[in-house]
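>
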Amino acid sequence: MTSPVTLDRREGPYGEVVLRRRDAEDGSTHYEIIANGTFLMDTSDGRSERLLVDAAMDALPEQRRPGASVLIGGLGVGFSLAHAAADPRWGRIAVAEREEAIIDWHRQGPLAGVSGAALADPRTVILHTDLVEYVRTSPDTYDALCLDIDNGPDWTVTEDNESLYSAEGLAACAARLKPGGILAVWSAQPSADFEGSLRNAGFSGVRTEEIPVARGVPDVVHLAVRPAGSPA
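Under our numbering, the sequence shown has 100 at position 75, and the numbering climbs by one with no breaks.
1) Short check: CB of VAL139 to CB of HIS108, under 7 Å?
2) With TRP130 as the anchor, note down where its beta strand (DSSP E) starts and where it stops.
3) How about ARG251 and ALA199: do their beta carbons lie closer than 7 Å?
4) Which runs of the alpha helix (DSSP H), 4 residues or longer, sit entirely within the stretch 144–220?
5) For THR63, write down the residues that DSSP places opposite it in a beta bridge.
6) Please determine, among ARG90, ARG123, SER73, GLU74, the residue with the shortest C-alpha to C-alpha distance to TYR39.
7) Here's a check: name, in chain order, each residue in its chain whose Cβ is nearer than 7 Å to the Cβ of ASP165, leaving out the five neighbours to either side.
8) Throw me the rounded Cβ distance for the ILE174 and GLY98 pair, which I believe falls under 8 Å.
9) Have a look at PHE219 and GLU234 and give me their C-alpha separation to the nearest angstrom.
10) Which residue comes first and which comes last in the alpha helix (DSSP H) that contains LEU106?
11) Would you mind reading off the limits of the beta strand (DSSP E) that contains ARG90?
12) For ALA49, which three-state DSSP category applies?
13) Which of the three DSSP states, helix, strand or coil, is assigned to SER229?
14) If contacts are defined as beta-carbon pairs under 8 Å, then ALA143 and GLY103 qualify, I think. What distance do you get, rounded to the angstrom?
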């Protein structure tokens, strides 16, 4: 990989976000997003993001899969959205993204190459909103929530995001799910503490799927089910 080239840098209400480009020796080009100095994700490998969406769909009962609704948080480099839109079983596909810059990079910038077709899909809705606030205040409910706004429950991009993984935040996530709905949370490393938090919040079927990486511990997707009989 060549040294990164900064394409855009913006200061927003949540700090600085940066879009960078790297060129590989094989001639391919990759883009990466940096938030407040922390690497979030890049376009070199979308296995984790695709597994996040597939794991949520696979965890739904077969009879609920056709037309299932999903909330994706956030937009990132667009792999999760693009993969969801490529699956005809998903119905409404809502994406919560709080950074206007990231939305712009998809609509008018280099990341349109990843998400252009998905953004044009009539099932797709982009919500320019903070995910944490949205899950606490919205009346909308979904069959699945696929969350990828941090490097994991133990490594958040901003302090405000920590509340999403608290008892109150998980209760809000449960309220956005239909009974029997699936919560899927991406993480750069497994978290036994977060599994415990999910169980304490009343979720059932808590489990962790690993995604092998070239070096270090595997990426994971934490999965949990909102019990059919639990209150909204």
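The C-beta atom is built at its ideal place from N, Cα and C for all residues, glycine as well.
As the structure is a computational prediction, the values presented were derived from the model and not from experiment.
Working from what's here:
1) As a first step, residue 139 is located in the sequence shown; it is residue number 114 there, counting from the start. As a first step, residue 108 is located in the sequence shown; it is residue number 83 there, counting from the start. Contact flag unset, no.
2) Indexing the sequence shown from 1 puts residue 130 at position 105. Where TRP130 is concerned, there is no enclosing beta strand (DSSP E), although the alpha helix (DSSP H) it sits in stretches over 125–132.
3) Against the sequence shown, residue 251 aligns to sequence position 226. Against the sequence shown, residue 199 aligns to sequence position 174. Yes. Within cutoff.
4) 156–162, 192–200
5) Against the sequence shown, residue 63 aligns to sequence position 38. In DSSP, THR63 forms a bridge with ALA60.
6) Residue numbering aside, residue 39 sits at position 14 when the sequence shown is read from its first letter. Minimum Cα distance to TYR39 is reached at ARG123.
7) Locating residue 165 in the sequence shown gives position 140, counting from the first residue. Result list for ASP165: ARG201, in chain order.
8) For the purposes of this step, residue 174 is identified with residue 149 of the sequence shown, where counting begins at 1. For the purposes of this step, residue 98 is identified with residue 73 of the sequence shown, where counting begins at 1. Indeed they touch by this definition, with Cβ atoms about 5 Å apart.
9) Position 194 of the sequence shown, counted from the start, is the residue given in the question as residue 219. Position 209 of the sequence shown, counted from the start, is the residue given in the question as residue 234. Approximately 14 Å between the Cα atoms of the pair.
10) On the sequence shown, residue 106 is found 81 positions in, with the first residue counted as 1. It spans 104–110 - the alpha helix (DSSP H) in which LEU106 sits, taken as one unbroken run.
11) In the sequence shown, residue 90 corresponds to position 65, counting from 1. Premise fails: ARG90 is in no beta strand (DSSP E) and is neither H nor E.
12) In the sequence shown, counting from the first residue as 1, residue 49 sits at position 24. In this structure, ALA49 counts as coil in the three-state DSSP scheme.
13) Reading the sequence shown from its first residue, position 204 is the one you call residue 229. Three-state DSSP puts SER229 in a strand.
14) Position 118 of the sequence shown holds residue 143. Position 78 of the sequence shown holds residue 103. Contact holds; Cβ gap of about 7 Å.
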